[in-house]
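Note that our numbering has the sequence shown beginning at 14, numbered continuously upward.
Virtual Cβ for every residue (Gly too), placed ideally from N, Cα, C.
Structure, as structure tokens:
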Amino acid sequence: MMFRPLFSSLALLLTGCAAGVADTSAYPSLARRPVESADYETPAATPAPTAPAASPSDDAELARYVGQAAAGAMAFDKAYAEAQRLTRAASGAAVSSDPWVAAQAAISALESARNDSVSALAALDTLYTARVSAIADGKMSGSVDAIDAARASALATVDSQNDRLDALRAMLAPA
């Protein structure tokens with residue numbers, strides 16, 4: 014019988030707590046929200062950003078490197094005739110003799126004359142790599158055909174210069 018007053022007290026207490034629940038507008042609805050019923054399996058279509066094409070400054074940079082390679086080729090060709098003449102004269106001469114030293118100095122000048130060609134090739138390689146990376150990353154559109162053609166031409170020039178320098182050095186090699 015002791016439980017009867019306890020039950021009545023509990024009933025009064027619960028009635029007081031439930032009085033504030035009668036106003037349901039203050040509480041959020043437990044109904045399903047639109048975000049809860051969204052389809053997360055299919056990704057939303059996002060428009061692909063358009064990458065900018067190569068700018069005129071890029072074309073000017075390419076033209077500058079092509080011109081630099083051509084200037085290096087002309088300087089090399091101009092110095093080659095003198096180096097070839099001195100090397101032929103020193104062929105068979107003793108190492109450290111006057112003709113041998115003159116030929117070595119001419120070969121050194123020839124190597125200096127080709128610096129523009131080698132520098133232009135390196136710059137074209139760097140430009141090519143940067144452009145390919147930008148295209149692959151979607152930061153730029155277009156092609157690398159013009160740069161590739163300029164690189165091939167500069168590489169052929171530098172290879173030819175290397176071959177001619179090696180031939181001159183071979184003439185001065187001690188027997």
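Whether Pro133 touches Val48 by CB criterion (9 angstroms): The residue you asked about is not Pro; residue 133 is Ala in the sequence shown. No; because the gap between Cβ atoms is not below 9 angstroms, this pair is not in contact.
Inter-residue CB distance, Ala122 and Ala92 (contact presumed, cutoff 8 angstroms): 6 angstroms
Among Arg127, Asp150, Val157, Asn128, nearest to Thr139 - alpha-carbon criterion: Val157
Bounding residues of the alpha helix (DSSP H) (the contiguous stretch that carries Pro112): 111 to 126
Supposed contact pair Ala82 and Thr142 - C-beta distance, whole angstroms, cut 8 angstroms: Actually they do not touch by this definition, with Cβ atoms about 17 angstroms apart.
Pick from Leu185, Ala119, Arg101 that is closest to Ala107, judged by C-alpha positions: Leu185
Cβ distance (whole Å) where Asp129 is taken to contact Ala73 below 8 angstroms: So it is not a contact: roughly 18 angstroms between Cβ atoms.
Leu178 vs Glu124 beta-carbon contact at 9 angstroms: yes
Residue environment, Leu43, which counts as buried when at least 16 other CB atoms sit within 10 Å: exposed
Between the CA atoms of Ser166 and Arg77 - distance to the nearest angstrom: 14 angstroms
Contact belief for Ile148 with Leu75 at Cβ below 8 angstroms, rounded distance in angstroms: Rounded, the Cβ-Cβ distance is 15 angstroms, inconsistent with contact.
Contact under 9 angstroms by Cβ, Asp71 with Arg144: yes
Proximity to Gly85 [Cα-Cα], best of Pro187, Arg182, Asn175: Asn175
Span separating the alpha-carbon of Gly155 from that of Asp172: 29 angstroms
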